[in-house]
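Let me begin by presenting the structure, written as structure tokens, before commenting on it.
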Amino acid sequence: MSRYLARKLSIYLLTFFVAASIDWAIPRLMPGDPINGLIARIQADPTAAQEMHGYYTESFGLDEPLWRQYLNFWLGLAHGDLGPSIAYVGSSVSDLIRAAIPYTLALLIPAIVLSYIAGNRVGALAARRKVLDNTALPVAYVLTATPYMWLALVLAYFLAFRWEIFPISGAYDFALQPAWTWEFARSFLEHWFLPFLTLFLVSFGGWAIGMRNLIIYELEADYANYLQALGAPNRLVRKYAYRNAVLPQMSGLALALGVIVGGALVTEIVFGYPGVGTLIITAITNRDYFLLQGIFLFIIIGVLIANFLVDIAYVIVDPRTRTGLQGS
Amino acid sequence: MASRKSRRKTEVFGFVASVVALAVVATLTAGGAGAGPQGAAAVPRSQTLYTSGKQWGPYTNFNPLKPDYNTGVVGLVYETLFRYDPLKDKFIPWLATGGKWVGRNYVVTVRKGVKWSDGKALTAADVKFTFETQKNTGAQYGTMWKTGLSRITTRGRTVTFHFRGVPNYQEWDSNRYTVPIVPRHIFKAYSATELVSGNASNTRRIVGTGPFAYGGGAGGSQTLQWNRRANWWATKAIGMRMPMKHIVDIHNTSNTASLQNFLQNRIDLSNNFFPGINRHVGGRVGTYYKRAPYMLAANTAWLVPNLTKRPLNDVTFRRALAESIDINRIVVADYQRIVSKANPTGLLPNWNRWVNQAQAKSLGFNFSTSRARNRLSQAGYRDRNGDGFVEDKDGSTINLRLIVPKGWSDWETAIQIIADSAKDAGIKITPAYPDFNGLVDERNTGKFELVINNEKQIGNTAYTYYDYLFRLPILASQTAANFQRFSSPQAWALTQQLNKVPSTSVARAKRIHSQIQRVILTQLPAIPLWYNGMWAQYNTTHWTNFPTSGGNQATPSTWNGYINMTGIDALAKLRPR
Amino acid sequence: MATVEPQQETVVAGAVVAPSVTPQGRRRSETLYFAFRNKKLVAGLSLLVFMLLFAIVGPMLTDYDPFEFYDAFGQPPSKEHWFGTTAPGQDVYAQFVYGLRSSFIVGAVAGSVAAAIGMAVGFAAGYLGGIVDDILSILTNVVLVIPTIAVLIIVSAYLSVGSLLWEALLIGVTSWPWAARAIRAQTFSLASRDFVSLARLSGQGPWRIIVKEIAPNMSSYLFLTFILLFGGSILIAATLDFLGLGPSEVMSLGLMLNVAVSNSALVLGMWWWFIVPGIGITAIVAALYVMNVGLDEVFNPKLRRT
């Protein structure tokens, strides 16, 4: 088991190293000078502009040789310093990300966990009840085929714009300051619900379909037929089928993370939710090297950690990995 | 053993985990959102003015000497020597009671009785200190030290600015109302680097002469709050009093979000760009003008050609190009009339008295597809291969690439319209949307062909526009002016001449203006398209008496630089409903 | 001893396949018989064909150009403009049908590229095993874990995607890992079969064996994988276009959503502008996914419920 986990860990470390290096390299290999863009946005006087250009290039360390910048990058990373932001001059990237991450996590964690649980449940139910199979499954297919941002728009249009049940944007009512009060909690949940719902619904579809197919497959497997032939109760058969079906669903969880993270980004943009998604768009438009780098790193780290957690859970659930015979 | 019990356990675990996640998030946001002294109920709606539209980034920059400071830092907290009214073309004595030229020196009298928010008095030393900070490398207003200002002396309450040679009057006039005066006793502790690029973010040391003081929201918060303070000098000196106890500026995440909040009466003064707002004007929603263009003009959008490329180097071709563009369609379709077509000289309406209107009318271009076609064919640009587009005189294809920054959707639509209408005259234009930095790169290094640019804003003098068009010498990299690389020593000489004319010599100034405008009209170094608006829409549910053309004629914008024009007047005249 | 992948591999829509090996001739007619009886396949295929026809024929039914401006600003659907107009006056129907074309092109190209890479990597890893497998597996795992969308955002932000083909290429090059993994697993189990050992004994080269023996026996699986890649690519492309990272010179459904949102279509009530493109994307992708499951049932008797 520890060998299995150790192998996984080493893959993740390697992935991190590769991804971080690519992340660092790509912005710098592209043409164009972000400082020029910064100066242009400030619309400084031409004489002042020349000076400012030199000044900012130096203070951002962009005039140093590439290998030096690469070294600084890793050194800074060790200190948790991701560099200064170019788009928001004066803020550090880690501050910006730290401010945005809680909101994105607030959407992602409940959405992933709840859609996984609910989806698997409904999928398993649909596998054995024809009625549910014929109604829930088509819905699940449509849901999983729906692009996140479109579902976000549809929900926002009907529930927020037309029927005004929920607010259309923001994380909480801007007249409130964050505090441990009922009012704030209510406002926060109100604003949180629609983006959460968007992520939940689309992911739910995928899990339900997956589980349903796996259960059906398991129920047709030899051991299931054998048990039934022996006269075992259906419930017992289903129990074993479910346990076997959970395994590939779990490895699918790791895969699905990448998809749902992308979904969270666009959903945030539609709802103006102040998470990482909105930050990315600003970073892109302003060619903010450091901010984009930092966000990307965070996403990578987050996904790797999540993958590792899933691997641990997989080890717990699948006894075969513990004996080193199987497991991917 | 994964039984039903453990399955239930997993579910419960998942549920609990989600709840915990939410709780953690709530804590993080509560902690990270900056220490606001008040809680939720502390800001009464009827005494608070909610603004939005200016701030897209976090509220980090409280340094008035660094560009892109938070909403209101200059204007509500830090003030300037004078203010400028662009609609009446008047300077308003503010922290200075007067200023005049004595030979080559400009002598300013600092107002008596002005106190900083920490109780200390404003002195001439503060003014001297402030202007001397601009000597630092990279300082925003540093140009004056390179173009004539040699030293500053003080005596009592007068500050004398000594100039070498004939001063650049026009540029100097701008400094009078843009440079914010900072307290020496606080800012002297900052190093040169901090003065130029620091954020001065210690919120306990935000000390200004203005009517508001810091109230909360620094950092990543959704709002920034300013609280009205007692002992503002203007109340006693000129009887001006701020009617709102709090001004809360809202951080923008998206225009959709802001528009929704605005329409739901939660924002009073919005300076967002809201395409489609014209549908809502009337009732509770107001704008400066009751009808099109609804907004005051804030800057000119120019179609900038690269004059080093063929056939853009041919003035006849440029004129035909100008005549082929249906600017009206851009105004109506793209902006639904919240902008207006520009004067052929490109000068903003507030400079109308300097514009030789008769000359502009007779020499300026007008939209006419047929005239454009004729002009092109007479000049030798003909469609020889029957593809609907004209070729160059030597037969080579003409396909002009017109760029705007990716994501600037109204400009993206505008250049599509331009390409569409130019097609009718036979000119092939291909719209492209590089990202902002890529565009700046192309533009500055001279690789572009056509680009839209609007960087020069409204101000006290059209000199800035002439400088933008004619500045010489042309360098390998043009960073802020003359992107088109127009080389006319004569026009540049005239521009510099204008700079050396004091604003009191009206007749002489007008003559030079007229000559320069003639160059713009006949040579078309750039093609003026439309005026972008000083975006402002009002929701009169909680506050009334916003600036209108028929009422309080003030600049209704919280964007940087406007409060210290007549924005403060706009705010002072508001009335709670 | 190399670890064996579990037989089933969960993919995005949860399609599960086990290889079926029945004699070729009987399989074909049996397949067709079940194909036409399978409701999901019929429904999915019909919808897909309908959308495809819509994309091909649709533009011919209108005189409007997707990029040109007309004198109707932000109008709801009417006789003149069947799907209404955008705020600056473009025809939504024209944009929609041209956008459908783009979706199909991107899906096909990206899907093919991803399938090609996935097959190359999967076959090589699964058949050749050993060090080749180890290296390719590491490569696959690394690319797999990095969220596609994050990479695409970074790359397209800097590369400024200029054309549909480039976008498709980019997507194809980043979305192959799960396919490679799945194909590898299948190849493993097939590689230990008798007929493969026979072919090996007869001295055929590894790629010959892969192409002539293994791939044909996985053909149904490969086809299903391709369909999923096709659908997945359309969704990814739509996301990129929505973020403004796709080619803006070409009309696409994601781009329509992007412009609609920038113009506050939501708050101004112009529902036709953003509802329509989303329906297009959902319809195509749902059709593909449903087809996928239907085909799965057709190819694998174990899954048939009828």
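Protein chains in written order, with numbering that gives the first Met the number 0: chain R, 0 to 327; chain P, 0 to 576; chain X, 0 to 305. The beta-carbon is built from N, C-alpha and C at its ideal position, and this holds for glycine as well. No experiment lies behind these values; they were computed from the predicted model shown.
TODO: Could you name the residues of the same chain whose beta carbon sits closer than 7 Å to that of P:Ser-116, not counting the 5 residues immediately before and after it, in chain order?
DONE: Val-206, Gly-207, Ala-212, Arg-228
- [ ] Within 10 angstroms of the Cβ of P:Lys-53, are there 16 or more other Cβ atoms? Answer buried if so, exposed if not.
- [x] buried
Open item on the list: If you follow the alpha helix (DSSP H) that P:Gly-532 is in, where does it begin and where does it stop?
Closed with: No alpha helix (DSSP H) contains P:Gly-532, which is instead part of the beta strand (DSSP E) from 526-532.
TODO: Could you name the residues of chain C that X:Phe-68 contacts, counting a contact when the two beta carbons are closer than 7 Å?
DONE: The structure shown has no chain C; the protein chains it does contain are R, P and X.
- [ ] State yes or no: is the beta carbon of X:Phe-194 nearer than 9 Å to at least one beta carbon in chain R?
- [x] no
TODO: Alpha carbon to alpha carbon, how far is P:Trp-410 from R:Ile-100? Give it in angstroms, no decimals.
DONE: 32 Å
Task: Helix, strand or coil at P:Arg-154 [DSSP, three-state] - done: strand
Open item on the list: Please list, in chain order, the chain X residues whose beta carbon lies closer than 9 Å to that of R:Ala-19.
Closed with: By Cβ distance, chain X contributes nothing, its closest Cβ being about 11 Å from R:Ala-19, past 9 Å.
- [ ] Kindly say whether R:Asn-306, judged by its beta-carbon, lies nearer than 9 Å to any beta-carbon of chain P.
- [x] no
TODO: Using a threshold of 9 Å, state whether the C-beta atoms of P:Ser-339 and P:Tyr-530 are closer than that.
DONE: yes
Open item on the list: Beta-carbon within less than 7 Å of P:Phe-364's beta-carbon, same chain only, minus the 5 sequence neighbours each way: which residues are those?
Closed with: Arg-318, Ala-321, Glu-322, Pro-343
Open item on the list: Quick check: is the beta carbon of X:Gly-171 nearer than 9 Å to any beta carbon in chain R?
Closed with: no
Task: Endpoints, beta strand (DSSP E) assigned at P:Gln-536 - done: 536-538
- [ ] Compare the C-beta of R:Ala-144 with all C-beta atoms of chain X and state if any pair is closer than 9 Å.
- [x] yes
- [ ] Could you work out which residues of chain R lie near X:Asn-140, taking near to mean beta carbons separated by less than 8 Å?
- [x] Ile-10, Thr-14
- [ ] Indicate whether at least one CB of chain X lies closer than 9 Å to the CB of P:Gln-259.
- [x] yes
Task: Under 8 Å from the C-beta of P:Asn-254: neighbouring residues of chain X - done: Ser-261, Ser-263
TODO: Using a cut-off of 7 Å between C-beta atoms, extract the partners of X:Val-258 located in chain R.
DONE: Neighbours of X:Val-258 on chain R: none; closest Cβ ~13 Å, over 7 Å.
Task: Length of the line joining the Cα atoms of P:Arg-163 and P:Ala-191 - done: 25 Å
Task: Listed by chain order, chain P residues near R:Gln-49 by CB distance under 8 Å - done: Thr-478
Open item on the list: Just to check my reading of the structure: R:Phe-160 and X:Leu-46 have Cβ atoms closer than 8 Å, yes? What is that Cβ distance to the nearest angstrom?
Closed with: The Cβ separation is near 29 Å, so there is no contact.
Open item on the list: Taking 9 Å as the threshold (C-beta atoms), are R:Ile-208 and X:Val-292 in contact?
Closed with: yes
Open item on the list: Taking its Cβ as the centre, do 16 or more other Cβ atoms sit within 10 Å of P:Gln-489, making it buried, or is it exposed?
Closed with: exposed
Open item on the list: Shorter than 8 Å, the distance from the beta carbon of X:Pro-300 to the closest heavy atom of the ligand GDP, or not?
Closed with: By its list of ligands, the structure shown contains no ligand whatsoever, and the ligand GDP lies outside what it can speak to.
Open item on the list: Can you confirm whether the stretch 347-367 of chain P touches the stretch 548-555 of chain P when touching is taken to mean that 3 or more C-beta pairs between the two stretches lie within less than 8 Å?
Closed with: no
Task: Sub-9 Å separation of X:Phe-95 and X:Leu-242 beta-carbons - done: no
Open item on the list: When you compare the CB positions of R:Val-258 and R:Ile-298, do they come within less than 9 Å of one another, or not?
Closed with: no
Open item on the list: Once DSSP output is grouped into helix, strand and coil, what is the label at R:Glu-163?
Closed with: coil
Open item on the list: Quick check on this structure: which residue in X:Asp-133, X:Thr-224, X:Asn-37, X:Ala-124 has the alpha carbon closest to the alpha carbon of X:Ile-209?
Closed with: X:Ala-124
Task: Beta-carbon contacts of X:Leu-127 that lie in its chain and below 7 Å, excluding the five residues immediately before and after - done: Pro-205
- [ ] Output, in sequence order along the chain, the residues in the stretch 274-305 of chain X whose CB is closer than 9 Å to any CB in chain P.
- [x] none
Task: Endpoints, beta strand (DSSP E) assigned at P:Lys-99 - done: 95-101
TODO: May I ask you to list the residues that DSSP assigns as paired with P:Val-106?
DONE: P:Lys-99, P:Thr-159
Open item on the list: Spatial neighbours of P:Trp-144 within its chain, please: C-beta separation below 7 Å, excluding the five flanking residues on both sides.
Closed with: Gln-133, Lys-134
Task: Assigned secondary structure, P:Asp-419 (DSSP; H/G/I helix, E/B strand, else coil) - done: helix
TODO: Can you grab the Cα-Cα spacing for the pair X:Ile-182 / R:Ala-155, in whole Å?
DONE: 40 Å
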